[in-house]
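Have a look at the structure below before the remarks.
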Amino acid sequence: MNSTSIENVANYLKYKGKYKGLLGWIFSTDHKRIGLLYLYSMATMFSVGVLLGLAMKLELLAPGKTIMDAQSYNATFTVHGVIMIFMVVVPGLPAVFGNFLLPIMIGAKDVAFPKLNLLSWWLYVAGVFLVLAALLFGPGTPDTGWTFYAPYSFKTGTNMLPAVFGAFVLGFSSILTGLNFLVTIHRLRCPGLKWSKLPLFVWTLYGTAWIQLLATPVVGITLVLIALERLFGVGIFDPAMGGDPILYQHLFWIYSHPAVYIMILPAMGAISEIIPTFSQKHIFGYKALIASTMAIAFVGYLVWGHHMFTAGMSGTAQYYFSLLTFIVAIPSAIKVFNWISTMYKGSINLQTPFYWAASFIFVFLIGGLSGLVLGALAANIYVHDTAFVVAHFHYIVFGGTGFAFFAAIHYWFPKIFGRMYDKAWANTGWIVFFIGFLTLYSPMFYLGMMGMPRRYYDYLQEFHGGNILSTIGSWVLVTGFIIIIVNLVRSARIGPKAEMNPWNGKTLEWTVPSPPPLENFDEIPELGENDGPYNY
Amino acid sequence: MEKTNHVVHDHYDAEGSKIGMWFFIFTELLLFGVLFVIYSVYRYMNSDAFHLAALELDTFIGAVNTIILLVSSMTIAMSTTALQKGNKPFTLLLSGITLLLGIVFLVNKYFEWGAKFDHGIYPGSAHLTETFSQGEILFFGLYFIMTGLHALHIIIGLVLISVTMWKINSGKVHAERAALLENSGLYWHLVDIIWIFLFPLFYLIT
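Below you can see the structure in the form of structure tokens.
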């Protein structure tokens, strides 16, 4: 034991191994360093995606051409979508916080397959570069939208192959991360940490990992088919050769709807950690939260058809998909009720992570309820492919996953970097961001209801007012984002040293120093009969 | 390879890596599962054309390849047992036979595909699109995609077995640390079982 303790003195940020500097990071198999590698690469891609989104909003400031023509606008929303979906929200919380925290939360020294974990990150980077290559080289930037719908995706003259292949590689990275987490949770829980005592973030990672494992290969092979179609003309999705483009849509959404749950489940998990800590109270309905996680993961597989209500499907199929869509809303609602019940009669500690978590619940509620509008058959036909869909989607994915991500970074920041951020600036950043978010996306609900279609660089004069408001919102949001980033980057370097447990959390990561030592624990912890993640 | 930039992870968990392999197999099954779904949909829509197109395939070569893969699955299973009993030369011999059978499978596949190409049957060929019906084009499209993807898996399996043999030879994989061979075996069985489904779907059902 003595020898491990000596080796384990240096914290993971300072540790000097075989390689120095940057190489010591990109060849490190330490789960904490890999988590940070993901954080930095995702933050970079997120910033690129934000800039593209900003450009789109600027284009929509006035009807007609403002800063770009139709083709550039198509390319911009395609690249914005591909970056934000495949490189930011799908890896999202599991890749950053899952990697960093999962082993610590279950009392392990690392994930089950550390080298595979590093390979996942390398594949991620390879996928990023492939997609970027599609932008810089070749006949033109992809313009199909992030969904790569057939037959346009193999008819368009733009540079689809690297983009599609890049998405495939990113999917492979996601599968390997999921596989790694599943084995880790099954095999490496410390003594006494029964399934019924796992922190809820770990449970959501578990559910997510199953979706990653079972849904991602579906889109993987579908993207390969698109590539083969472009290269050789095999005819699978080509109506001229007997193929069926609707089949492509089915296969695409069989993955891409569960992918929405890949994005949101870990976000819910992070919120389930933050709410009890800042209410200083046991989580309400621990088992209900686990059951709802698994129910979402399972039912989420069976609802993909609601993306295709107008694409041509039998009436019977439409009824089932609509019904299942309503059913999948129930476990999400259970979670919301449980979070609110947790706060009830708790001693609430108003800190930045709590603000983010509370605003998460607010925007998630609006996003979820507007999802029911889209899940209802008749209403769906009315608002299909309008700005309403864009608003709903961003409320869920940006408002849901994005807010949870910011909540998580503000919650675990002292643990990750060993320093505390400036709380006043963090709160300022949050409120500016929150106001910007509401101003940006709320008008889109109205615009969609009034009939403004999505994915056009132009619109009718009557939609001008709402679009001006929305564009101003995008500027406010970016201001908030800059405040947050500057505050966090600055604090990671010169912030005051953080304590081991600044929020009085009860999960295992708060029992190790901030930042954690290389191997997390000097001795593998052991949980007694009465220990648990939320025992306040 | 084993050393990283910090402490050596001397963490060996045979059960864990086997679970990991099974999870990977689930992924693979869904990968092929999509293609089987596409096959079923198009077979349902074009049953006559699929019947006609299937007559073009050589059932004899298909059957020979099926037998080859079944035998190779047996030899890799036997080599695992041999390793557990500590018989290193016999383990290497049996996995070597598996390797050889896999290569023979690929050679057969090469001649089979080559003959199709000679007849102008390959995706996107003028002959295919001009003389065959849409259903037949789809059949051959699926035939090349599915057997092609399967052949790719054979190649991956062969690489995996070669690496395993190299590690058995250098003593890194032995009776107490047999997980790599067991996992290669599992993967090889997966490749085998997918072929067991491909063979009747393309060659036998006419």
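Order-wise, the sequence lines are chains A and B.
Mapping of the first sequence onto the numbering used here: position 508 corresponds to residue 508, and the numbering continues sequentially without gaps.
Mapping of the second sequence onto the numbering used here: position 203 corresponds to residue 1203, and the numbering continues sequentially without gaps.
For each residue, glycine too, the CB sits at the ideal point set by N, CA and C.
Relative to the C-alpha of Thr439(A), which residue among Tyr459(A), Lys415(A), Gly465(A), Ile472(A) is closest? For the purposes of this step, residue 439(A) is taken as the residue at position 439 of the first sequence. Nearest C-alpha to Thr439(A): Ile472(A).
Could you tell me which uninterrupted alpha helix (DSSP H) segments, each at least 4 residues in length, are contained entirely in the stretch 110 to 146 of chain A, listed from first to last along the chain? List check, alpha helix (DSSP H) in window: 114 to 136.
Residues of the stretch 1023 to 1040 of chain B with Cβ closer than 9 Å to any Cβ of chain A, in chain order: Phe1023, Phe1024, Phe1026, Thr1027, Glu1028, Leu1029, Leu1030, Leu1031, Phe1032, Gly1033, Val1034, Leu1035, Val1037, Ile1038
Buried or exposed: Thr204(A), going by 16 or more other Cβ atoms within 10 Å of its Cβ? Translated into the one-based positions of the first sequence, residue 204(A) becomes position 204. By the neighbour-count rule (16 or more Cβ atoms within 10 Å), Thr204(A) is buried.
Cβ pair count under 8 Å reaching 3, the stretch 166 to 185 of chain A against the stretch 63 to 74 of chain A: no
Could you tell me the alpha carbon to alpha carbon distance between Tyr261(A) and Gly207(A), rounded to whole angstroms? In the first sequence, the residue the question calls residue 261(A) occupies position 261. In the first sequence, the residue the question calls residue 207(A) occupies position 207. C-alpha separation (whole angstroms): 9 Å.
Which bits of chain B does Pro189(A) rub up against, with CB to CB less than 7 Å? Residue numbering aside, residue 189(A) sits at position 189 when the first sequence is read from its first letter. According to the sequence displayed, residue 189(A) carries Arg and not Pro. Ordered by position in chain B, no residue passes the 7 Å Cβ test against Arg189(A), which lies about 12 Å from the chain.
If contact is defined by three or more beta carbon pairs under 8 Å, each pair taking one atom from either stretch, is the stretch 247 to 258 of chain A in contact with the stretch 271 to 288 of chain A? When Cβ pairs closer than 8 Å are counted between the two stretches, the stretch 271 to 288 of chain A is seen not to touch the stretch 247 to 258 of chain A, the count staying below three.
For Gln351(A) and Lys415(A), believed in contact at Cβ under 8 Å, the rounded distance: Along the first sequence, read from residue 1 onward, the residue named residue 415(A) stands at position 415. Along the first sequence, read from residue 1 onward, the residue named residue 351(A) stands at position 351. That belief does not hold up - the Cβ atoms of Lys415(A) and Gln351(A) are roughly 14 Å apart, past 8 Å.
Which two residues bound the contiguous alpha helix (DSSP H) that contains Gly368(A)? Indexing the first sequence from 1 puts residue 368(A) at position 368. 352 to 375 is the extent of the alpha helix (DSSP H) around Gly368(A).
So what does DSSP say about Pro502(A), is it helix, strand or coil? Against the first sequence, residue 502(A) aligns to sequence position 502. In the structure shown, Pro502(A) adopts coil according to DSSP, grouped into three states.
Under a three-way DSSP split, which group does Asn1087(B) fall into? Position 87 of the second sequence, counting from 1, holds the residue named residue 1087(B). Coil at Asn1087(B), not helix or strand.
Among Gly35(A), Ala227(A), Ala112(A), the one whose alpha carbon lies nearest that of Gly166(A): One-based indexing of the first sequence puts residue 166(A) at position 166. Of the listed residues, the one whose Cα sits closest to Gly166(A) is Ala227(A).
Helix, strand or coil for Asn1046(B) per DSSP? Locating residue 1046(B) in the second sequence gives position 46, counting from the first residue. Reduced to three states, the DSSP call for Asn1046(B) is coil.
Nearest-angstrom Cα distance between Leu1181(B) and Pro1200(B)? In the second sequence, residue 1181(B) corresponds to position 181, counting from 1. In the second sequence, residue 1200(B) corresponds to position 200, counting from 1. Each residue's alpha carbon lies about 29 Å from the other.
Taking the alpha helix (DSSP H) that Phe434(A) belongs to, which residues open and close that run? If you number the first sequence from 1, residue 434(A) lands on position 434. Its alpha helix (DSSP H) spans residues 423 to 450.
Is Pro258(A) helix, strand or coil when you go by DSSP? Counting from one through the first sequence, the residue named residue 258(A) turns up at place 258. Here Pro258(A) carries a helix assignment [DSSP, helix/strand/coil].
Of the choices Asn520(A), Tyr536(A), Phe398(A), Ala295(A), whose alpha-carbon is the least far from that of Tyr15(A)? Taking the first sequence and counting its residues from 1, one reaches residue 15(A) at position 15. Taking only the C-alpha atoms, the option nearest Tyr15(A) is Asn520(A).
How big is the Cα-Cα spacing for Pro555(A) and Ala295(A)? It is not possible to answer for residue 555(A), since the shown part of chain A is limited to 1 through 536.
Considering Cα atoms alone, identify which of Thr147(A), Gly157(A), Tyr124(A) is closest to Pro139(A). Your numbering for residue 139(A) matches position 139 in the first sequence. Comparing Cα-Cα distances from Pro139(A) to each of Thr147(A), Gly157(A), Tyr124(A), the minimum goes to Gly157(A).
Gly315(A) to Leu377(A) span [Cα, whole Å]: Residue numbering aside, residue 315(A) sits at position 315 when the first sequence is read from its first letter. Residue numbering aside, residue 377(A) sits at position 377 when the first sequence is read from its first letter. Taking the straight line joining both Cα atoms gives about 10 Å.
Are there 16 or more other CB atoms within 10 angstroms of the CB of Lys345(A), so buried, or fewer, so exposed? Against the first sequence, residue 345(A) aligns to sequence position 345. Burial call: exposed.
Can you pull out the residues from the stretch 149 to 175 of chain A whose beta carbon lies closer than 8 Å to at least one beta carbon of chain B? So the close ones are Ile175.
Rounded straight-line distance, which links the Cα of Phe1202(B) to that of Asn1065(B): Residue mapping note: residue 1065(B) aligns to position 65 of the second sequence, counting from 1. Residue mapping note: residue 1202(B) aligns to position 202 of the second sequence, counting from 1. Cα to Cα, Asn1065(B) sits roughly 13 Å from Phe1202(B).
Here's the rule I'm using: 16 or more other beta-carbon atoms within 10 Å means buried, otherwise exposed. How should Thr310(A) be labelled? As a first step, residue 310(A) must be located in the first sequence, where it is residue number 310. Exposed, since its Cβ has fewer than 16 Cβ neighbours within 10 Å.
Three-state secondary structure assigned by DSSP to Thr386(A): Here residue 386(A) is taken as the residue at index 386 of the first sequence, counted from 1. Reduced to three states, the DSSP call for Thr386(A) is strand.
Expected contact under 8 Å - CB spacing of Ser474(A) and Gly53(A) to nearest Å: For this step, residue 474(A) is matched to residue 474 along the first sequence. For this step, residue 53(A) is matched to residue 53 along the first sequence. Rounded, the Cβ-Cβ distance is 7 Å, consistent with contact.
Do Ser370(A) and Tyr411(A) come within 8 Å of each other at the CB atom, strictly closer than that value? As a working mapping, residue 411(A) is identified with position 411 in the first sequence. As a working mapping, residue 370(A) is identified with position 370 in the first sequence. In this structure, Ser370(A) does not lie closer than 8 Å to Tyr411(A) by Cβ.
Would you kindly check if the distance between the Cβ of Leu447(A) and the Cβ of Phe433(A) is under 8 Å? As a position in the first sequence, residue 433(A) is number 433, starting the count at 1. As a position in the first sequence, residue 447(A) is number 447, starting the count at 1. For Phe433(A) and Leu447(A), no; Cβs fall outside 8 Å.
When we look at the beta-carbon of Glu541(A) and count the other beta-carbons within 10 Å, is it buried (16 or more) or exposed? Examination of residue 541(A) is not possible in this model, given that chain A is present from 1 through 536 alone.
At a Cβ threshold of 8 Å, is Phe1144(B) touching chain A? Residue mapping note: residue 1144(B) aligns to position 144 of the second sequence, counting from 1. Interface residue, yes.
Proximity winner among Ser442(A), Thr507(A), Leu200(A), Lys497(A), relative to Tyr421(A) (alpha-carbon distances): The residue labelled residue 421(A) in the question sits at position 421 within the first sequence. It is Lys497(A) whose Cα lies nearest to the Cα of Tyr421(A).
Assigned secondary structure, Lys497(A) (DSSP; H/G/I helix, E/B strand, else coil): Along the first sequence, one-based indexing puts residue 497(A) at 497. If DSSP states are grouped into helix, strand and coil, Lys497(A) belongs with the strands.
Please check the pair Val88(A) and Met42(A), which I expect to be a contact at CB under 8 Å, by giving their CB distance rounded to whole angstroms. Counting from 1 along the first sequence, the entry for residue 88(A) is found at position 88. Counting from 1 along the first sequence, the entry for residue 42(A) is found at position 42. That pair is a contact at about 5 Å.
What whole-angstrom Cβ distance do Leu518(A) and Tyr38(A) have, given they're in contact under 8 Å? As a working note, residue 518(A) is residue 518 in the first sequence. As a working note, residue 38(A) is residue 38 in the first sequence. That belief does not hold up - the Cβ atoms of Leu518(A) and Tyr38(A) are roughly 19 Å apart, past 8 Å.
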